[in-house]
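Working notes, beginning with the structure itself.
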C-alpha cells in the first residue's frame, strides 16, 4: 500500500528526529514497521488483533524447522502454507487468523512486524485507507 508506506516513512522520520534512545534505535532499525512481536514455539489461537487498525496490514514471517505449519483464516475459509521463510501480509484486525499445532519435534518462530495507528495519528496524519487498484495503475 503506497499510502501506508508513506505514513510509515513519516513515523520513522519522526523517531529519527527525537533525542535519546528512540533516535538511536531508529537509526539501527531496518524496517519501516516500528513494532515487532515474536512468538516462539507458541500456538496462536484464533483472534483478531484488537489493537490493530482495520486499514493497516501487518507483515508476518515464519522461521524455524516446522515445514508443515499453516495459518488459517476462518473468515474466508482459507488455509495458507506457513513454512519457514514465508511472509504473509495480513489485515490482522479485520481477519480472524490462527496458527494451529504443527508436527511434534519441530520448532517455529513467528515474527509479526506492525505499525500502530496511534503512531500515525500522533503526527496528525490521516490514516492510509485501503489499497485500491488505482493506486498502482497509471492515470489515463
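In my numbering, the protein residues as written are 21 to 160.
We put the beta carbon where it would ideally sit given N, CA and C, even for glycine.
Here the structure is a predicted model, which means the values were calculated and not measured.
Practice item. Using three-state DSSP, classify residue 46 as helix, strand or coil. Key: Working through the chain shown from its first residue, we reach residue 46 at position 26. The answer is helix: DSSP assigns residue 46 an H, G or I state.
Review point. Taking residue 24 as the reference, which of 40, 46, 54, 37 has the closest Cα?
Key: Residue mapping note: residue 24 aligns to position 4 of the chain shown, counting from 1. Among 40, 46, 54, 37, the Cα nearest to that of residue 24 is on 54.
Point to revise | Sequence-distant residues of the same chain with beta carbon closer than 7 Å to residue 61, five excluded per side | key: Within the chain shown, residue 61 is the residue found at index 41, counting from 1. The residues are 127, 128.
Check your understanding: To which residues does DSSP link residue 90 through a beta bridge?
Key -> Indexing the chain shown from 1 puts residue 90 at position 70. The partner list for residue 90 (beta bridge, DSSP) reads 101.
Practice item. Taking residue 66 as part of the beta strand (DSSP E), name the residues at either end of that continuous run. Key: If you number the chain shown from 1, residue 66 lands on position 46. Here the beta strand (DSSP E) through residue 66 covers 64 to 67.
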